[in-house]
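Numbering (this note's numbering), first residue to last: 1 to 363. Note that CB positions come from ideal geometry on N, CA and C, so glycine has one too. In this text, all values refer to a predicted model and were calculated from it rather than measured experimentally. Reading through the structure tokens given below for one structure.
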Amino acid sequence: MFSERLGLVASGVGLALLLECAGCGQAAPTAGGQPGQVAAAKADAGKPNATPPTVAEAVKVLDLRTLPLVAGSENPGGRSVARLAYQAPSSPKAAYEFHQKQLVDAGWEIAPHESITEESGSGSFTRDGFTVTLQASQVAGGDKPATMVFASNLGNLTLSTLPKPPNAKVLYDMPASLAYVTPEGVAAVSLAIDKDLQAAGWETYGTAGDTRFYRKNAVRLLATTAAAPAQEGKTVVTYFTELLSAELPAPADAKAVQYSEPPVQLYVEYPGDLTAADNWYRESLGKLGWEPTLDHPTEQGFESFVIYRNKAGEMLEINFRPVDDFTRLTLKFTTAEEFAEMEKRWDEQKKKLEAERAAQPAE
């Protein structure tokens, strides 16, 4: 899962630096989901932003679905508002500088520690409080130059506005990553942070090892809490954010939650039967403007499904599969543009079938 990998690599590399070096307060850990991705050394100056953006607000600043690709590239079918990954028929340097110019021309500022060589390019860009990371790396093999390009929007939340761990000091502060160190124990700190984040309106959104995920509007927050030998065994708390391309709710008591994009999907293990899961999402999605097309799930093999639409023309399909004492759900999000394209293909297929039937000789 691209989004899951993005967050885990970003926080994991930052934590690794904390564990390996004594002068971690001076380090610039990577961010944005790919090795070598360098974030800005210091957050943008200005008024702190404590309110994560909605998707609609983020799109006004940058929509990675509309970013022109390097000439000759195949359009990636799965790119989203907040993520872009594709292969360009050029050198890494040329591909990176192509997108670098796009961003700069659009008013984005190049953050410190940008790195460009013939074999790779990586850097961060800031605008209106948002941070976007960009990386271009060489694809091995092949007769012609090929480069993998990755871009990710990390949102515009000022992390210093989040709950501060008890008795903590700042270890480093960057646009989309902030670390604290505290002498308090890992378990106590983790519980305190979880309580404070939920009190501040952050929805729990799954776990992975020492990392807890939270969501508010269109931002997913990764909060990693672990003991760091390089910090004399003290507890290090790392906050990292990434923008989401859809605002999909998850129950607070879910057994498991996994978000991924592109394509935009949410996997949930609901602690109850299909009816309870269906009712929870009808109520939760209704508050967000989604309307179901049927008043009950439709059975299809071992699964059931419900289709939702909203005024923006977007579609959300929820698939349910009962398993023992819980229900597995997969939420599949489709943008209005993607749905329109689907309708176009359906219409073309329908016309083709009708033409074939009309061409058949009468019996």
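Query                                                                                                      : Result
Beta bridge counterpart(s) of Thr-126 as assigned by DSSP                                                  : Glu-109 and Thr-131
Stretch-stretch touch, CB-based, cutoff 8 Å, three pairs: the region 353 to 360 with the region 333 to 340 : no
At least three beta-carbon pairs within less than 8 Å, the region 265 to 285 to the region 324 to 331      : yes
Straight-line Cα distance separating Leu-171 from Thr-126                                                  : 22 Å
Of the listed residues Thr-204, Leu-294 and Pro-92, nearest to Trp-147 (C-alpha basis)                     : Position check: residue 147 holds Thr in this sequence, whereas Trp was assumed. Ranking the options by Cα distance to Thr-147, first place goes to Pro-92.
Whole-angstrom C-beta distance between Thr-235 and Arg-220, which should lie under 8 Å                     : Between Thr-235 and Arg-220 the Cβ distance is about 22 Å, and since that is not below 8 Å, they are no contact.
Endpoints, the alpha helix (DSSP H) within which Gln-198 is located                                        : 186 to 199
Residues near Gln-138 in its chain [Cβ-Cβ closer than 7 Å; skip 5 each side]                               : Pro-92, Glu-119, Ser-120 and Thr-147
Coil, strand or helix - Ala-355 by DSSP                                                                    : helix
Within 8 Å, strictly: CB atoms of Pro-249 and Glu-317                                                      : no
Close Cβ partners of Arg-79 (< 8 Å) along its chain, the five nearest in sequence each way excluded        : Leu-64, Arg-65, Ala-85, Tyr-86 and Pro-262
Residues bridged to Thr-204 (per DSSP)                                                                     : Tyr-214
Buried versus exposed call for Arg-345 [16 or more other C-beta atoms within 10 Å across all chains shown] : exposed
Complete runs of the alpha helix (DSSP H) confined to the region 264 to 326 [at least 4 residues]          : 274 to 287
Secondary structure of Ser-379, DSSP reduced to three states                                               : Summary: the structure shown does not reach residue 379, with the chain confined to residues 1 through 363, and so no result is reported for it.
Helix, strand or coil at Ala-336 according to DSSP, with G and I counted as helix                          : helix
Glu-343 versus Phe-326, Val-323 and Glu-314, residue with shortest Cα-Cα distance                          : Glu-314
Cβ-based burial, His-99 [other Cβ within 10 Å; buried from 16]                                             : buried
Alpha carbon of Val-149 to alpha carbon of Thr-224, nearest angstrom                                       : 27 Å
Spatially closest choice to Glu-109 from Tyr-96, Thr-117, Ser-124 and Ala-95, by CA coordinates            : Ser-124
Pick from Ala-111, Leu-243 and Phe-302 that is closest to Val-61, judged by C-alpha positions              : Leu-243
Integer-rounded CB distance, given that Phe-320 should sit under 8 Å from Glu-303                          : 6 Å
Option in Lys-351, Leu-162 and Pro-361 with minimal Cα separation from Asp-194                             : Leu-162
Range covered by the beta strand (DSSP E) that runs through Val-236                                        : 234 to 243
Check whether Pro-52 and Leu-157 have beta carbons under 8 Å apart                                         : yes
Whole-Å CB distance - Tyr-96 paired with Ala-151, under 8 Å assumed                                        : Going by Cβ atoms, the distance from Tyr-96 to Ala-151 rounds to 10 Å, so no, they are not a contact pair.
Beta strand (DSSP E) segment containing Ala-88, residue limits                                             : 83 to 88
Span of the alpha helix (DSSP H), counted from its first residue to its last, around Ala-58                : 55 to 61
Beta-carbon proximity list for Ala-252, same chain, < 6 Å, skipping 5 on both sides                        : Thr-204
Backbone CA spacing between Pro-48 and Leu-178 [nearest angstrom]                                          : 14 Å
Span separating the alpha-carbon of Asn-217 from that of Gly-129                                           : 16 Å
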